[in-house]
Structure formats: C-alpha cells, structure tokens
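Engineer: Structure in structure tokens, see below.
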Amino acid sequence: MSRISEELDAKLNELDPLRAKSLIILVRRAIKEVEQIEPSSLSDWPEGYFEQTAGSFSDEPLERSPQGAPTIRDSW
1 MSRISEELDA
11 KLNELDPLRA
21 KSLIILVRRA
31 IKEVEQIEPS
41 SLSDWPEGYF
51 EQTAGSFSDE
61 PLERSPQGAP
71 TIRDSW
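Residues 1 to 76 (the numbering used here) are what the sequence shown spells out, left to right.
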C-alpha cells in the first residue's frame with residue numbers, strides 16, 4: 001500500500017460517516033478527472049507558451065528601482 005493510500009485510509013477512519021462519504025466522492029471525482037487527462041498535456045508548460053510569451057516585454061524598458069541603503073549588521 002502506498003503512503004497516500006495509507007493516509008487516505010487513516011483519514012477515512014478518523015472522520016464521521018458523512019464526511020468520510022464526502023471525501024470518497026471527492027477522491028472518485030479526482031480519479032475520473034485524472035483518467036481523462038491526455039498524457040501529452042501533462043508537461044510543465046502549456047503548449048505554445050513560449051511562442052505566446054516570447055518578446056512580451058521587448059518594447060518596455062526594464063529598470064530596477066532604487067534599493068536603498070543596505071542593512072548594517074553586527075559582526076560576529
């Protein structure tokens with residue numbers, strides 16, 4: 001049994017029957033959602049992300065604001 005299944009089992013045993021039933025329903029819905037996800041859409045970045053965002057700030061100068069004086073700390 002995996003760690004998550006052990007945690008889920010423990011939580012179900014702690015909860016009152018109504019909340020346990022609600023949790024079971026939520027988990028089953030989540031499983032259905034995950035099963036419907038296309039494996040190709042599981043990458044870290046959405047398809048076309050870099051093409052859509054490349055050069056977004058090319059016409060805006062980036063400037064760093066003044067940082068102020070550094071904090072002086074006691075020496076060791």
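Every residue, glycine too, gets a C-beta built ideally from N, C-alpha and C.
Quick caveat: nothing in here was measured; it's all calculated off a predicted structure.
(1) Can residue 23 and residue 11 be called in contact, C-beta distance under 9 Å?
(2) Can you name the start and end residues of the alpha helix (DSSP H) that residue 52 belongs to?
(3) DSSP state of residue 10, grouped into three classes?
(4) Span of the alpha helix (DSSP H) holding residue 22?
Structural biologist: Taking the coordinates as given:
(1) Here residue 23 corresponds to residue number 23 of the sequence shown, with the count starting at 1. Here residue 11 corresponds to residue number 11 of the sequence shown, with the count starting at 1. It is a contact, given that the beta carbons lie within the stated cut-off.
(2) Along the sequence shown, one-based indexing puts residue 52 at 52. Residue 52 -> alpha helix (DSSP H) spans 49–53.
(3) Position 10 of the sequence shown, counting from 1, holds the residue named residue 10. In this structure, residue 10 counts as helix in the three-state DSSP scheme.
(4) In the sequence shown, counting from the first residue as 1, residue 22 sits at position 22. Counting along the chain, the alpha helix (DSSP H) containing residue 22 begins and ends at 17–36.
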